[in-house]
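Residue numbers (the working numbering), protein chains in the order written: chain A, 38 to 480; chain B, 267 to 528. Here is the structure we will look at.
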């Protein structure tokens, strides 16, 4: 199943379509056919709006759910030389990459973590993100302070899956509640822009999304929340008799409906496809007030979102769009025709506009569904815009296919045989997890 | 105890008896048709797991659309036994029997236990119920906590101009229409929260275009139909222009509203 909401899926496939943008330079040629030539190969239809640089395989947690299969037992850190080559590859492909995310493993475990941030800062990178579990931010005095030296323009992508100990033990093998609280406290102290990232597993924490949003809007440092259904890739432990696609899989439309159910301030028209990769990314923007959220996306004409700005996953970072969001409140033309609460609210604002609205008032809810073997769609794969820079510094590979075919040993163990046998993706296993007999693989 | 079904029937059925009206409007007075039903069901978060109550379900068209496109289970209720018979027959033809149920009842006395449904819709009929407040309270009662209501209806925000009196009052049934704000207040009074109203005047524009198109065809016909237009409709082409202007000026329109049962 690709989606369980026909109307929304049609909207994504037929309305919210932005003309794709290509990378400046491709890195591979088309030889075996998609998805065996990543990348970026000339067949790929979207530039990378978010490029991940994985600086280490090491992690201070060993999460049962980890697409990268990281852990304390893995000791390999990328050398500074190699990391520079990876950063340079990002710049060569994109010119000025919109977002570079320092990731891993747990990137803060790299012995030269802050030097890596400096290397990134020396390059023409729009926004720098750090993808972290927050353990060092929470536990190490002075760590957040050092991060703050890179703010503004630095955003923490903070793992934050649940408020329940038993859930965290299933997903992360550890009760991280105190870690979460302390990390957020530190990030609030220095007001370092933060996005909470929740990995959502069906039947486990898919009832907590409203609560996570409500918590997020209370935290001054938090700019938004990202929900990601588990991608069936890498390490998938803690499933009774293995990952089962019927029992355990969640699609974007199912996550979206739960968000709407649990966070009733958002109506369906507020949580819309992201036009650069509409069937796998959904977004809602809202203004954050002390009294709560006022949704914005439903007020914006789809054509504006499709035409304005670059293809990007974080629309609020595009100056034209940010301006537009904020201007909705001062120059909204159809105040009279808005008969709902929003209309009244807009009317009130129009008569006495707040002193200043800025970036920090915009709150973002994002749903990111990475493609795995169970919903594999080549058309969609070619539009993916979250890419991982290969440690070889020569290739940039979609997150989705990287975790299924290219990461670590997958390239020789899974990809090579497929290339040799010219296997059609859906007729054969394309994730290592399937070989290991963890169940649920395509049959 | 009043019964809404009868009110509804007396309003529209008389008009349906005029063949000319049926010719101009088609089979249904419900603006927006299946397209609006889909929009309403989406806005009310209907999912494959939903149990849906369609209040004043008529001949079951919407129930069929919701079962077919959303995979939900739908119970339709209506006061008209003839409507229900047609609805049940159509559901059989569409092989939707296990997912559809039809029950004869008035909206002001729904024969269901409290907290029975995830979603309730009520299309183009709320303003015709004799007591809209009681109908909304009944819907509130049979919805589960967190359940959603979705209504579609006419709204009237200005006095009807005299040139439109005849047509509007009869065909578009707006005599009893609330103001857009009136629906919001009625929903809130019945205990609903997060009321969201969307103006969907495209439904009326479509309807007017369809009538205009058919009037043009009528004018091209070699002989005048035996039944002339009702005298109090005036010049139909002119009335349609007046109607468009009235809607464009915000005097009236069509809306859908959704809300959540707390």
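From the three backbone atoms N, C-alpha and C, an ideal C-beta is built for every residue, glycine too. Keep in mind that this is a model prediction, so the values were computed, not measured.
Check, Outcome
"Residues near residue 464 of chain B in its chain [Cβ-Cβ closer than 6 angstroms; skip 5 each side]", "522"
"Residues from the stretch 332 to 360 of chain B in contact with chain A, defined by Cβ distance under 7 angstroms", "335"
"Cutoff 7 angstroms: residue 589 of chain B Cβ touching any chain A Cβ", "Absent from the model: residue 589 of chain B. The displayed extent of chain B is 267 to 528, so no value can be given."
"Inter-stretch contact at 8 angstroms, needing at least 3 Cβ pairs: the stretch 171 to 186 of chain A / the stretch 131 to 141 of chain A", "no"
"Residue-chain proximity (residue 316 of chain B, chain A), Cβ-Cβ < 7 angstroms", "no"
"Top-ranked residue by Cα proximity to residue 312 of chain A, from A:50, A:38, A:214", "A:50"
"Beta carbon of residue 358 of chain A nearer than 7 angstroms to that of residue 352 of chain A", "yes"
"Cβ pair count under 8 angstroms reaching 3, the stretch 438 to 458 of chain A against the stretch 111 to 129 of chain A", "no"
"Where the alpha helix (DSSP H) containing residue 69 of chain A begins and where it ends", "Residue 69 of chain A -> no alpha helix (DSSP H), and no H or E assigned at all."
"Contact set between the stretch 296 to 319 of chain A and chain B, restricted to residues whose Cβ is under 8 angstroms from the partner", "297, 298, 301, 302, 304, 305, 306"
"is_contact[residue 313 of chain B, chain A] using C-beta, thresh 7 angstroms", "yes"
"CB contact check: residue 379 of chain B to chain A, cutoff 7 angstroms", "no"
"DSSP state of residue 450 of chain A mapped onto helix, strand, coil", "helix"
"Local conformation of residue 280 of chain A per DSSP, three classes", "coil"
"Run of the beta strand (DSSP E) containing residue 520 of chain B, from where it starts to where it stops", "518 to 527"
"Boundaries (first-last residue) of the beta strand (DSSP E) holding residue 122 of chain A", "That residue, residue 122 of chain A, is in no beta strand (DSSP E); its alpha helix (DSSP H) goes 117 to 131."
"Cβ-based burial, residue 166 of chain A [other Cβ within 10 Å; buried from 16]", "buried"
"Inter-residue spacing [alpha-carbon to alpha-carbon] between residue 91 of chain A and residue 107 of chain A", "11 angstroms"
"Short CB-CB distance (under 7 angstroms) between residue 292 of chain A and chain B", "no"
"Cβ pair count under 8 angstroms reaching 3, the stretch 419 to 429 of chain B against the stretch 504 to 513 of chain B", "yes"
"Residue ranges of each beta strand (DSSP E) within the stretch 353 to 402 of chain B, 3 or longer", "366 to 370, 383 to 389"
"Beta-carbon proximity of residue 185 of chain A to residue 229 of chain A, cut-off 7 angstroms", "yes"
"Interface partners of residue 44 of chain A on chain B, CB under 7 angstroms", "304, 308"
"Minimum Cβ-Cβ distance from residue 520 of chain B to chain A less than 7 angstroms", "no"
"Proximal residues of chain A, C-beta to C-beta of residue 416 of chain B below 7 angstroms", "Going along chain A, no residue has its Cβ under 7 angstroms from residue 416 of chain B, so there is no contact; the nearest lies around 11 angstroms."
"Beta carbon of residue 527 of chain B nearer than 7 angstroms to that of residue 399 of chain B", "no"
"Residues that DSSP places opposite residue 173 of chain A in a beta bridge", "DSSP, once it has assigned bridges, lists no residue as partnering residue 173 of chain A."
"Given residue 482 of chain B as reference, the closest of B:506, B:470, B:459 once Cα atoms are compared", "B:506"
"Beta-ladder partner(s) of residue 343 of chain B, from DSSP", "B:321, B:369"
"C-beta neighbour in chain B for residue 285 of chain A, strict 7 angstroms", "no"
"Distance between beta carbons of residue 385 of chain B and residue 538 of chain B, contact taken as under 8 angstroms", "Lying before the first or after the last residue shown, residue 538 of chain B is absent from chain B, which here runs from 267 to 528."
"Per-residue DSSP class, three states only, for residue 431 of chain A", "coil"
"Alpha-carbon spacing of residue 361 of chain B relative to residue 360 of chain A, whole angstroms", "52 angstroms"
"Residues within the stretch 182 to 214 of chain A neighbouring chain B, beta-carbon criterion of under 9 angstroms", "none"
"Neighbour list for residue 432 of chain B in chain A, Cβ cutoff strictly below 8 angstroms", "Near residue 432 of chain B there are no residues of chain A at all, since even the closest Cβ is about 27 angstroms away, more than 8 angstroms."
"Residue-level contact to chain B via CB, residue 243 of chain A, 7 angstroms cutoff", "no"
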